Amino acid sequence: MELDIGRIQSLEDLCLSAWPAPQQLHHAGWVLRFAAGHTGRANSTNAVAQQQEIPHDLIPLVEREYRRRGLRPTFRETPLCPPGFTAALLDKGYLADDESHVMVAEIPAGCVPDPSVRIQNNADDAWLAAYRSMVPIAEAEMPALRSILAGIAAPTRYLTLWSDGRPVAAGLGVIDRGWVGLYKIATQPQARGRGHAGRLIRALYAEAAGQGAAKAYLQVGVGNQPALALYRRLGFTPLYNYRYYRQG
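Numbering (my numbering), first residue to last: 2 to 249.
Dropping the structure here:
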């Protein structure tokens, strides 16, 4: 199937805007992103439009700027990258790392609010504590995460699903240009497989549709079979993949 580069570029723009790095450098159609190591997408170099060749000074620049910040030089390979890009990185000793799908779906009609889902406009301490109870985050990474969340310019909703007085699922949605991006979707380990994440997402759909969104996107690791099964049930289909290449 031929890739729709225009649509991919639009999704990449949404993704980069929805998860902003506190520091960025732009160079010849690429953006170098730095966030003290918290999450790959905020600490990697990305093509911002379709590229036909690799700038001769790009890789040295990336290596210098990431090392200067104590970070491992990392590229995020997408269909926007030029021919020969992967081979050039492998020739320089870079190693292929995590691969993910970018998946898209239409927001179905008839989604309604869920009274068990708390929705708020800011990531307060209660939401962060609920999320960290599901996905441990080192205290040293918290300033970077808070900075990323504070930098999101588009309307954002932070959700927590409660059951029997405790949080069982959490996540956030970034609403932008008719889309809602799903980020940080998580469930308590002991409560998985009970439909909690699906309930949370449907509640987010209801909220996002009320803000004008008609479509949804997300990013998920290709090996995360439980999440992939859930997202397929919700109607998501892969649009394209991306992969990280990190200096060996």
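Ideal Cβ positions, reconstructed from N, Cα and C, are used throughout, including at glycine.
The structure displayed is predicted, hence computed values, not measured ones.
Judged by beta-carbon spacing, residue 176 lies within the 8 Å limit of residue 214, meaning their Cβ atoms are closer than that value.
Counting every other CB atom within 10 Å of its CB across the protein chains shown gives residue 78 a total of 16 or more, marking it as buried. Taking 8 Å as the cut-off, the Cβ atoms of residue 44 and residue 32 do not count as close. Taking C-alpha positions only, residue 229 is separated from residue 25 by approximately 31 Å.
Its chain contains 42, 103, 182, 218 and 220 as the residues whose beta carbon lies nearer than 8 Å to that of residue 16, once the 5 sequence neighbours on both sides are disregarded; these appear in chain order. Comparing alpha carbon positions, the residue from 157, 12 and 132 closest to residue 163 is 132. According to the DSSP secondary-structure assignment, residue 177 is paired through a beta bridge with 180.
Going by beta carbons, residue 153 and residue 19 fall inside the 8 Å limit. Taking residue 161 as reference, the option from 150, 173 and 155 with the minimal CA-CA separation is 173. The residue from 54, 51 and 75 with its alpha-carbon nearest to that of residue 37 is 75. When 200, 222 and 59 are compared, the shortest CA-CA separation from residue 169 is found for 200. Look at residue 235 here: in three-state DSSP terms it is coil, with no helix or strand label. Taking all protein chains in view, the Cβ of residue 238 is surrounded by fewer than 16 other Cβ atoms within 10 Å, so the residue is classified as exposed.
In the structure shown, residue 168 falls within a strand segment according to DSSP collapsed to helix, strand and coil.
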